[in-house]
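Visitor:
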Amino acid sequence: MKIIEEKKIGEKLTVGVHKEHGEIGIFIASEDVSASCAFRPQEWEKFVGVINEADRLLKENEAE
99 MKIIEEKKIG EKLTVGVHKE HGEIGIFIAS EDVSASCAFR PQEWEKFVGV INEADRLLKE
159 NEAE
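Adding 98 to a residue's 1-based position in the sequence shown gives its number in the working numbering.
(1) Determine the DSSP secondary structure at valine 146, reduced to helix, strand or coil.
(2) Determine which residues share a DSSP beta bridge with isoleucine 187 and list them.
(3) Just the C-alpha distance for isoleucine 126 and glutamate 158, rounded to the nearest angstrom, thanks.
(4) Around the Cβ of isoleucine 122, are there at least 16 other Cβ atoms within 10 angstroms (buried) or fewer (exposed)?
(5) Is DSSP giving glutamate 118 helix, strand or coil here?
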């Protein structure tokens, strides 16, 4: 099941997310390289948590 169709998020960057066989997959591609990774639901939650934490810290550092 496609959750997010491959979506261009930058001039040369594309991301997609799908769910299959109980796992959540993420696909990231740029002009030079592409990668995909499958997560169990608990791993996905931790992954999203780490990304959200990194985003929060980046925003805090930009405000300084």
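Backbone N, C-alpha and C fix where the C-beta goes; we use that ideal spot for every residue, glycine too.
Guide: Let me spell this out:
(1) Judged by DSSP in its simplified three-state form, valine 146 adopts helix.
(2) This structure leaves residue 187 out entirely; the chain is present only between 99 and 162.
(3) Roughly 26 Å between the two C-alpha positions.
(4) Classification of isoleucine 122: buried, given that the 10 Å Cβ count is 16 or more.
(5) Residue state, collapsed to three classes: strand.
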